[in-house]
Amino acid sequence: MSGDGNGWVECALGHRHWGRFGAAGLLITDGARVVLQHRAPWTHDGDTWALPGGARDSHEDVLTAALREAAEEAALDPSSVAPIDEWVDDHGGWSYTTVVAQALVELKPRAANAESLDVRWWSIDEVGALPLHRAFAIAWPSLRDLLEHGAAGRGGRGRPGR
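Quick note: the sequence shown uses this note's numbering, first residue 899, plus one each step.
1. Could you tell me how far apart the beta carbons of W1020 and L1028 are, in whole angstroms, since I believe they sit closer than 8 Å?
2. Put D902 into one of helix, strand or coil per three-state DSSP.
3. Out of T927, W1038, R1008 and C909, which has the shortest C-alpha to C-alpha gap to A969?
4. Could you check where the beta strand (DSSP E) with A921 kicks off and where it finishes?
5. Among E958, P939 and H936, which one has its Cα closest to the Cα of G917?
6. Classify H915 as buried or exposed, calling it buried when 16 or more other Cβ atoms lie within 10 Å of its own Cβ.
7. Which residues share a DSSP beta bridge with L936?
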C-alpha cells in the first residue's frame, strides 16, 4: 500500500531509513512464540526474518501504523491482539517503534502481499538462530528481554541509535 510516509530519510546519525515519519512494527506473542515475516528478496535487507512493519504515514500514531502493516503483510486482524508495551529505537529525527502485543485468539498469520515470502510463528528460543534483518537482529536481545521480563526500569524505551 502506498502512503505519504513512504520514502527514504537520513537520521541524525547519518543512516538512511525507510519511513519519512518513522516506522513501526508489531511483535505478536502468545507467551512462548512470536510472529515473524520472511521478507521478500527485493525489500530492504530482504530474504531475512523480521517483524511485520513499515513506514508510518503522517496521520498515524505508532500503534495504528503497526496494526496496519501487520494487516497488510500478515493478514492479521487488529482486533485479535492487545498491545502490552512499546520499544523505541530512536536515531534522532527518525525512530522505529516496536509495538509488543499479546495474541487474544489462536492466530493463523500468512503472507498477505508481495513483501512477504512467509509469515509464521517461531518459538522465542528459535528466533536468534534465524537469518534476521540487521536492525531486528540488533534489537532482538532487548525485545526478548522485554518479552520475558517486562519493561521494569526502562519505561518500554529502547536505547538511542545504533
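Glycine included, C-beta positions come from ideal geometry on N, C-alpha and C.
Here's the rundown:
1. 7 Å
2. coil
3. R1008
4. A921 to T927
5. E958
6. buried
7. The displayed chain sequence assigns His, not Leu, to residue 936. Beta-bridge pairing links H936 to W947 and D1016.
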